[in-house]
Amino acid sequence: MIRRVKSLIKSKLATGGAENKKSGFDIIGDIHGYHKELVDLLSSMDYKKEDGVWKHPSRTAVFVGDLVSRGPDSRSVLKIVHDMVENGSAYAILGNHELNMIGYFTLDKKGKPCYQPPPSNILQLERIRAQYANNVELLQSYVKWLRTLPFYLELESFRVVHAYWNDSNLKLISETITEGRLSKKMIKEIFKGKTEFAQAVKQTTRGIELSLPDNLVIKDAKNVPRTNFRIKWWQEPSGKTFRELGFGNRFLLPNYTVPEQILFSFDIYDTSKTALFFGHYCLGTDPKIVAPNLCCVDGCVAGNGTLLAYRWNGENTLSDANIAIAPITL
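Quick note: the sequence shown uses our numbering, first residue 2, plus one each step.
This is how it looks when you write it as structure tokens:
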């Protein structure tokens, strides 16, 4: 059984701010169960396995969420990340796929999952369950541990979130989660999606999405109709085309102006704010540094891309030179 997290970030699930005496941080993007790629990336950045735990003598790893699903070995990825966090060589936050895992494998009083996912998500989650066929207790221990992870981090002069940073959202999350873990009541509330807290969690882990106009029919590569699209929440949306405003969508948006009627108010994360790292958007070959203070570290490893990290050394303006990519082996 996994012991309860001692917590580098004591007492708060929602936020982090523990002091760290090491000289640098390696912010690692969405892993999605790709264990080999994670091992290759850690090795390429000079992390070494000591007493079963990956460590670096002078740096700390930071995982931006979406550790699990899609890839072949979520179980091994969770073990690596859990052991690193528990032993002080890493931080980790929750992504939307960890939330799905928490909701599906946490049972209510009737023995039913707190989250009833759509068929595509059920398939991913059942593949994770199959990896623990010989040790169901271990799966439940990991789920309980995931419930103790924060939704965001503030470390020295940079921040980390999975999909969208909004001060009001994160304040509400911090004020709601006061016992150091997500309760079953909170999990149910998140997936029902009707409260301000649920909406704050949704935006934090899924980003800002706009609804497509009813008369605009767009289908993705799998011929599935899309009803909304992700946007660049660090730019003013008014006057931009769908294509200019869209970000991280796996379908082509039209190149005409977004109607004002579908826009809504949200906090723009402009260049005056603290450096921020995030994942979620599966960028593939697209530029990872999207503003001087913003970097998306999701290299789309689950979509024929790469696993990558940003090696932060205290700089205020982010640089492509600090991006590390997992070696490609044949």
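Virtual Cβ for every residue (Gly too), placed ideally from N, Cα, C.
Given that a residue counts as buried once 16 or more other Cβ atoms are within 10 Å of its Cβ, and exposed if not, what is residue i?
| i | result |
| --- | --- |
| residue 253 | exposed |
| residue 262 | exposed |
| residue 201 | buried |
| residue 6 | Below a pLDDT of 50, predicted positions are generally treated as unreliable, and residue 6, at 32, falls in that range; the measurement from the model is reported next regardless. Buried: at least 16 other Cβ atoms inside 10 Å. |
| residue 15 | No answer about residue 15 holds up, because its pLDDT of 49 lies below 50 and its placement is not dependable. |
| residue 276 | buried |
| residue 228 | exposed |
| residue 19 | Confidence in residue 19 is poor, its pLDDT being 42 and thus under 50, which makes the residue's placement unreliable; the coordinate value appears in the next sentence. Classification of residue 19: exposed, given that the 10 Å Cβ count is below 16. |
| residue 2 | Interpretation of residue 2 is limited by its pLDDT of 37, a score under 50 that renders its predicted location unreliable; the figure taken from the coordinates is listed afterwards. Exposed, by the Cβ-count rule. |
| residue 138 | exposed |
| residue 329 | exposed |
| residue 62 | buried |
| residue 52 | exposed |
| residue 11 | Unreliable positioning characterises residue 11 in this predicted model, as indicated by a pLDDT of 35, which lies under 50. The coordinate reading is nonetheless provided below. That one is exposed. |
| residue 90 | buried |
| residue 293 | exposed |
| residue 124 | exposed |
| residue 67 | buried |
| residue 335 | Past the edges of the chain, shown from 2 to 331, lies residue 335, and the structure says nothing about it. |
| residue 203 | buried |
| residue 167 | buried |
| residue 134 | exposed |
| residue 222 | exposed |
| residue 56 | buried |
| residue 131 | exposed |
Take residue i as the anchor and find which of the options has the nearest alpha-carbon.
| i | options | result |
| --- | --- | --- |
| residue 248 | 235, 260 and 239 | 235 |
| residue 284 | 90, 171, 298 and 98 | 298 |
| residue 182 | 151, 325 and 201 | 151 |
| residue 69 | 129, 304, 154 and 160 | 129 |
| residue 108 | 279, 133, 186 and 96 | 186 |
| residue 104 | 94, 118 and 110 | 118 |
| residue 211 | 220, 259, 148 and 180 | 259 |
| residue 157 | 321, 326 and 24 | 24 |
| residue 232 | 197, 63, 164 and 133 | 164 |
| residue 189 | 93, 314, 63 and 106 | 106 |
| residue 71 | 43, 35 and 300 | 35 |
| residue 288 | 314, 324 and 264 | 324 |
| residue 98 | 122, 92 and 113 | 122 |
| residue 192 | 116, 154 and 278 | 116 |
| residue 240 | 257, 251 and 224 | 257 |
| residue 45 | 268, 308 and 278 | 308 |
| residue 337 | 170, 94 and 149 | Residue 337 is absent from the model: the chain starts at 2 and stops at 331. |
| residue 170 | 147, 184 and 198 | 198 |
| residue 47 | 305, 310, 110 and 141 | 310 |
| residue 96 | 77, 65 and 322 | 65 |
| residue 320 | 278, 114, 274 and 42 | 278 |
| residue 142 | 80, 245 and 177 | 80 |
| residue 153 | 101, 176, 206 and 134 | 206 |
| residue 215 | 226, 174 and 88 | 226 |
| residue 348 | 242, 78, 145 and 173 | Past the boundaries of the shown model lies residue 348; the chain is included only from 2 to 331, so the question cannot be answered. |
| residue 300 | 243, 327 and 322 | 327 |
Following the continuous alpha helix (DSSP H) through residue i, name the residue where it begins and the one where it ends.
| i | result |
| --- | --- |
| residue 143 | 137-147 |
| residue 63 | First-last for residue 63: 60-64, but that is the beta strand (DSSP E), not the alpha helix (DSSP H). |
| residue 129 | 120-131 |
| residue 43 | 36-45 |
| residue 196 | From DSSP, residue 196 is part of no alpha helix (DSSP H); its letter is neither H nor E. |
When DSSP builds the beta bridges, which residues end up paired with residue i?
| i | result |
| --- | --- |
| residue 212 | 229 |
| residue 247 | 232 |
| residue 283 | None; residue 283 has no bridge partner. |
| residue 277 | 160 and 295 |
| residue 310 | 29 and 325 |
| residue 219 | 227 |
| residue 242 | 258 |
| residue 153 | 162 |
What are the boundary residues of the beta strand (DSSP E) that includes residue i?
| i | result |
| --- | --- |
| residue 54 | 54-56 |
| residue 292 | 290-292 |
| residue 50 | 49-51 |
| residue 29 | 25-29 |
Spell out whether any CB of chain D is found under 8 Å from the CB atom of residue i.
| i | result |
| --- | --- |
| residue 283 | This model lacks chain D altogether; it includes just one protein chain. |
Item checked: Contained alpha helix (DSSP H) runs [length at least 4] in the stretch 155-179, N- to C-terminal order -> Taking only runs of at least 4 residues, the alpha helix (DSSP H) segments lying wholly in the stretch 155-179 are 168-177.
Next item on the list: Could you tell me which uninterrupted beta strand (DSSP E) segments, each at least 3 residues in length, are contained entirely in the stretch 57-117, listed from first to last along the chain?
Entry: DSSP runs (the beta strand (DSSP E)) wholly in the stretch 57-117: 60-64 and 91-93.
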